[in-house]
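Chemist: Before I ask anything, let me first share the structure, which is written out below as structure tokens.
2 protein chains.
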Amino acid sequence: MSKAWHLTSRPQGLPTMDNFALRELPDVPLETDQLRVRNLWLSVDPYMRGRMNDAKSYSASFQLDHPMTGGAIGEVIESRMEGFSPGDMILHMGGWRDGGVVGLDMMPNKLPAAQLAAGLTPQTFLHNMGLTGGTAWIGLLRIAAAKPGDTIFVSAAAGAVGSAVVQIAKAREMTVIGSAGGAEKCAWVKQLGADAVVDYKGEPVLSGLTQALEDLGKPGIDVYFDNVGGEHLDAAFATANDFARFAICGMIDVYNDGKAQEMKYLIRTIPARIRMEGFIYTDQIFDCMEEFYADMGGLIASGAVTMRETVYEGIASAPDAFLGLFSGANMGKMLVRL
Amino acid sequence: MSKAWHLTSRPQGLPTMDNFALRELPDVPLETDQLRVRNLWLSVDPYMRGRMNDAKSYSASFQLDHPMTGGAIGEVIESRMEGFSPGDMILHMGGWRDGGVVGLDMMPNKLPAAQLAAGLTPQTFLHNMGLTGGTAWIGLLRIAAAKPGDTIFVSAAAGAVGSAVVQIAKAREMTVIGSAGGAEKCAWVKQLGADAVVDYKGEPVLSGLTQALEDLGKPGIDVYFDNVGGEHLDAAFATANDFARFAICGMIDVYNDGKAQEMKYLIRTIPARIRMEGFIYTDQIFDCMEEFYADMGGLIASGAVTMRETVYEGIASAPDAFLGLFSGANMGKMLVRL
Chain U
1 MSKAWHLTSR PQGLPTMDNF ALRELPDVPL ETDQLRVRNL WLSVDPYMRG
51 RMNDAKSYSA SFQLDHPMTG GAIGEVIESR MEGFSPGDMI LHMGGWRDGG
101 VVGLDMMPNK LPAAQLAAGL TPQTFLHNMG LTGGTAWIGL LRIAAAKPGD
151 TIFVSAAAGA VGSAVVQIAK AREMTVIGSA GGAEKCAWVK QLGADAVVDY
201 KGEPVLSGLT QALEDLGKPG IDVYFDNVGG EHLDAAFATA NDFARFAICG
251 MIDVYNDGKA QEMKYLIRTI PARIRMEGFI YTDQIFDCME EFYADMGGLI
301 ASGAVTMRET VYEGIASAPD AFLGLFSGAN MGKMLVRL
Chain P
1001 MSKAWHLTSR PQGLPTMDNF ALRELPDVPL ETDQLRVRNL WLSVDPYMRG
1051 RMNDAKSYSA SFQLDHPMTG GAIGEVIESR MEGFSPGDMI LHMGGWRDGG
1101 VVGLDMMPNK LPAAQLAAGL TPQTFLHNMG LTGGTAWIGL LRIAAAKPGD
1151 TIFVSAAAGA VGSAVVQIAK AREMTVIGSA GGAEKCAWVK QLGADAVVDY
1201 KGEPVLSGLT QALEDLGKPG IDVYFDNVGG EHLDAAFATA NDFARFAICG
1251 MIDVYNDGKA QEMKYLIRTI PARIRMEGFI YTDQIFDCME EFYADMGGLI
1301 ASGAVTMRET VYEGIASAPD AFLGLFSGAN MGKMLVRL
């Protein structure tokens, strides 16, 4: 009998355990084009917060009292789907549960055997070779069109997407300033290769960023990779060089509180001719998937891009892992191991 | 003896007459590559407010106790510059004065005789065939990549740039919603062809815009042409369709007060994948000048694009004309006739 986390009420602001319930799923026979799967790894990601609202967003809302979904790695234990056999390791969208029935709507894909044999762990396809690494790669190189020599500012640089941005940028000979909260995370971001780190818990973002630029002898930033919004985004507007590009990936600062963002430097959009663009992985990846796998696979194989994982254990811990994203509990990718 | 407006102190917030003084210019003999000019028309434009600050901006700051500069139409009365003769009508940057010496740094250009003969008035080169019309054309068609069928929202639609945007968009079969302040301006924007008008003095911008979209049976806006910033820009974020493009031309709401803009809907950048880009005319025009003159000349000749002029009389009125830009005193292009 599989168990799945259900959304039982729509959170106002920061979600709490009261919004979720772990319930058993009925044990049903497989229909055609279905798999039965035992999950090994679940992904929790900030974008899921948006799916907990009723509002229209780019991802469909979670339905109340239905199992939630999300990225997962599982092992096929029974198959009525062509091309899949018991024992196959798959990436699919039937997460937030320890297993169960996976249909075509959950987009099952076999993990490439060659890359697993070459040493890539299965959960890499939940981060650097999947949503988070792809988001970093697309945002930095395609949306912001960052190039060697550019000065990059990336917020939440100790997060899954941010830490990939730092490493891809360093591998491409860019100067990188990351922001992170607290000494431990900042030390790790430095270790990833960032040229400077702003501790947003220790000082206003704008002062830290200005000081970092001065220390590095750089007049401003050419690219901002935004995971945070708010004060970070405003500091980016304040320090943008002419023709700077902002790739807006997330605004975790405002996902929960829904407050207005106070933008003191937004007006610099005009004199600095700033281009700001929001993007999501699923719009872009199909145009560049081969290039992404080849490039990112190479960066991982060479050790240029690594990923720290913060792992919670057991299906019961999934909401805690998710909530930890908003309290800054993770370094690198937040995962649940079953 | 010519007279020129000098900036005597840097304004804090909204400028006042105390920041300016009209002073005589010394009568000096011409050097090589100089013209003596009698000005006929002066342009006052919102971007000049930025030049009154000491801060680095895209245009050089006005120096204290020096004559200010800006677009002007003049007649050559004496020439030591090759290619120019007395009687030539020129566009140049030696504005804010009734005449004087014009060097190469003021970029004198003869008005095309053929277009004058065809009926274009000289001051057209200070608006629809110059900075304001070019800004409208570039922002709408190049920066925002607006295309037939798109729904366009343009703020300050009764202003020089805004009224050109409305007309160019209508000539290209777009749906246009303009905003303007007060019944008279709104009526004029309707007359220009706008499908709906929001009176921002009569209602919150977002309610007006939402109502207009509903009346027109449109789900949202594809393009926002921003002259205003603040509440207008936030309403654009709130109503943007997926993949909307914002061309940021001005933020007259915040030029003077320097306050933070409260952006409640900025976060929609991500789910709606909005692209926002600041631009200035002089970066772009040299890449597309021929196309602009041909296209805009055609639109003016056919009557598709017209321009209402608000005219102040005499050199003494120039600061009043300029200050009127910020109190909404103008419909169409604000000019000073000498």
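Chains as they are written, first to last, in my numbering: chain U, 1 to 338; chain P, 1001 to 1338.
C-beta: ideal position from N, C-alpha, C; glycine also.
(1) Can you pull out the residues from the region 1270-1295 of chain P whose beta carbon lies closer than 9 Å to at least one beta carbon of chain U?
(2) Identify whether S1061 (chain P) lies in helix, strand or coil by the three-state DSSP scheme.
(3) What residues from chain P crowd round M251 (chain U), counting only those whose CB sits closer than 7 Å?
(4) From which residue to which residue does the alpha helix (DSSP H) around T1310 (chain P) run?
(5) Chain U beta carbons: is any one of them nearer than 8 Å to that of I1248 (chain P)?
(6) Starting from V1028 (chain P), trace the alpha helix (DSSP H) both ways and give me its first and last residue.
(7) Among all the DSSP beta bridges, which residues are the ones paired with Q1034 (chain P)?
(8) Please state if the CB of A1212 (chain P) and the CB of Y1224 (chain P) are separated by a distance shorter than 8 Å.
(9) Are there three or more Cβ pairs, one per stretch, closer than 8 Å when the region 256-265 of chain U is compared with the region 285-299 of chain U?
(10) I'd like to know whether the C-beta of V254 (chain U) is nearer than 8 Å to at least one C-beta of chain P.
(11) Out of P:P1319, P:E1184, P:I1177 and P:R1273, state which residue places its alpha-carbon closest to the alpha-carbon of H1232 (chain P).
(12) Compute the distance between the beta-carbons of L1104 (chain P) and P1122 (chain P), then report whether it is under 8 Å.
(13) Please state the DSSP three-state secondary structure of T239 (chain U).
(14) For P46 (chain U) and L40 (chain U), I'd like the C-alpha separation in whole angstroms.
(15) Here's a check: name, in chain order, each residue in its chain whose Cβ is nearer than 6 Å to the Cβ of G182 (chain U), leaving out the five neighbours to either side.
(16) Is there a Cβ from chain P that is less than 8 Å from the Cβ of G50 (chain U)?
(17) Taking L1140 (chain P) as the reference, which of P:A1247, P:E1313, P:L1335 and P:I1315 has the closest Cα?
(18) Grab me the residues of T1032 (chain P)'s own chain with a C-beta within less than 6 Å of its C-beta, minus the 5 sequence neighbours each way, in chain order.
(19) Taking all protein chains shown into account, do 16 or more other C-beta atoms lie within 10 angstroms of the C-beta of Q167 (chain U), making it buried, or fewer, making it exposed?
(20) Excluding the 5 residues flanking P1219 (chain P) on each side, which residues of the same chain have their C-beta closer than 8 Å to its C-beta?
(21) Rounded to the nearest angstrom, what separates K1147 (chain P) and V1165 (chain P) at their Cα positions?
(22) Using the three-state DSSP reduction, which class does K1003 (chain P) fall into: helix, strand or coil?
(23) Buried or exposed: V101 (chain U), going by 16 or more other Cβ atoms within 10 Å of its Cβ?
(24) For Q1191 (chain P), would you say it is in contact with chain U, using Cβ-to-Cβ distances shorter than 8 Å as the test?
(25) For G328 (chain U), tell me which candidate among U:N227, U:L266 and U:G278 has the shortest Cα-Cα distance.
(26) Do you know offhand how far S9 (chain U)'s Cα is from F243 (chain U)'s?
(27) Report buried or exposed for D951 (chain P), applying the criterion of at least 16 other Cβ atoms within 10 angstroms of its Cβ.
(28) Between the alpha carbons of P271 (chain U) and G1278 (chain P), how many angstroms are there, rounded?
(29) So does the region 1007-1025 of chain P actually touch the region 1064-1076 of chain P, counting three or more Cβ pairs closer than 8 Å?
(30) Determine the chain U residues that contact A1260 (chain P) at a beta-carbon separation under 7 Å, and present them in chain order.
(31) Could you please tell me which residues of the region 214-248 of chain U, in chain order, have their CB closer than 7 Å to any CB of chain P?
(32) Relative to the C-alpha of V1336 (chain P), which residue among P:S1043, P:P1029, P:F1020 and P:T1016 is closest?
(33) Please check the pair F1125 (chain P) and L1091 (chain P), which I expect to be a contact at CB under 8 Å, by giving their CB distance rounded to whole angstroms.
(34) Please give me, in chain order, every unbroken run of the alpha helix (DSSP H) with length at least 4 that falls completely inside the region 1085-1144 of chain P.
(35) Just tell me which of U:A72, U:A113, U:N53 and U:D88 has its CA closest to the CA of D98 (chain U).
(36) Excluding the 5 residues flanking S1317 (chain P) on each side, which residues of the same chain have their C-beta closer than 8 Å to its C-beta?
Modeler: According to the structure data:
(1) Flagged, chain order: I1270, P1271, A1272, R1273, I1274, R1275, M1276, E1277, G1278, F1279, I1280 and D1283.
(2) DSSP places S1061 (chain P) in the coil class of the three-state scheme, outside both helix and strand.
(3) Residues of chain P with a Cβ closer than 7 Å to the Cβ of M251 (chain U) are, in chain order, I1267 and I1270.
(4) No alpha helix (DSSP H) holds T1310 (chain P); the beta strand (DSSP E) holding it covers E1309 to E1313.
(5) Yes, contact with chain U.
(6) DSSP places V1028 (chain P) outside any alpha helix (DSSP H), giving it a letter other than H or E.
(7) DSSP output for Q1034 (chain P) lists P:G1103 as bridge partner(s).
(8) Contact: no.
(9) Result no; under three Cβ-Cβ pairs closer than 8 Å.
(10) Answer yes: the Cβ-Cβ gap between V254 (chain U) and chain P drops below 8 Å somewhere.
(11) Distance from the Cα of H1232 (chain P) is smallest, within the candidate group P:P1319, P:E1184, P:I1177 and P:R1273, for P:I1177.
(12) No.
(13) In the structure shown, T239 (chain U) sits in a helix (DSSP, three-state: H, G or I).
(14) Rounded to the nearest angstrom, the two C-alpha atoms are 20 Å apart.
(15) When the five nearest sequence neighbours on each side are left out, the beta carbons in the same chain lying within less than 6 Å of the beta carbon of G182 (chain U) are those of K201, in order along the chain.
(16) By this cut-off, G50 (chain U) is an interface position.
(17) Checking every option, the nearest Cα to that of L1140 (chain P) belongs to P:A1247.
(18) Excluding its 5 nearest sequence neighbours in each direction, T1032 (chain P) has C-beta neighbours in its own chain below 6 Å: R1080, listed in chain order.
(19) Buried: at least 16 other Cβ atoms inside 10 Å.
(20) Result list for P1219 (chain P): L1213 and N1241, in chain order.
(21) The alpha-carbon atoms of K1147 (chain P) and V1165 (chain P) are separated by roughly 13 Å.
(22) Looking at K1003 (chain P) - three-state DSSP - the assignment turns out to be strand.
(23) For V101 (chain U), the number of other beta carbons within 10 angstroms of its own is at least 16, and it is reported as buried.
(24) With a threshold of 8 Å between beta carbons, Q1191 (chain P) makes no contact with chain U.
(25) When U:N227, U:L266 and U:G278 are compared, the shortest CA-CA separation from G328 (chain U) is found for U:N227.
(26) Each residue's Cα considered, the two are about 44 Å apart.
(27) Lying outside 1001 to 1338, the shown extent of chain P, residue 951 (chain P) is not represented and no answer is given.
(28) In a straight line, the C-alpha of P271 (chain U) is about 7 Å away from that of G1278 (chain P).
(29) The region 1007-1025 of chain P vs the region 1064-1076 of chain P: in contact.
(30) Within 7 Å Cβ-Cβ: E262, M263 and K264.
(31) From the region 214-248 of chain U, only G229 and I248 have a Cβ closer than 7 Å to chain P.
(32) It is P:S1043 whose Cα lies nearest to the Cα of V1336 (chain P).
(33) Here F1125 (chain P) really is in contact with L1091 (chain P); their C-beta atoms are around 5 Å apart, less than 8 Å.
(34) Along the region 1085-1144 of chain P, the alpha helix (DSSP H) occurs as fully enclosed runs of 4 or more residues at 1113-1117 and 1131-1137, listed in sequence order.
(35) Closest in alpha carbon position to D98 (chain U), among U:A72, U:A113, U:N53 and U:D88, is U:A72.
(36) So the list reads V1336, once near-sequence residues are dropped.
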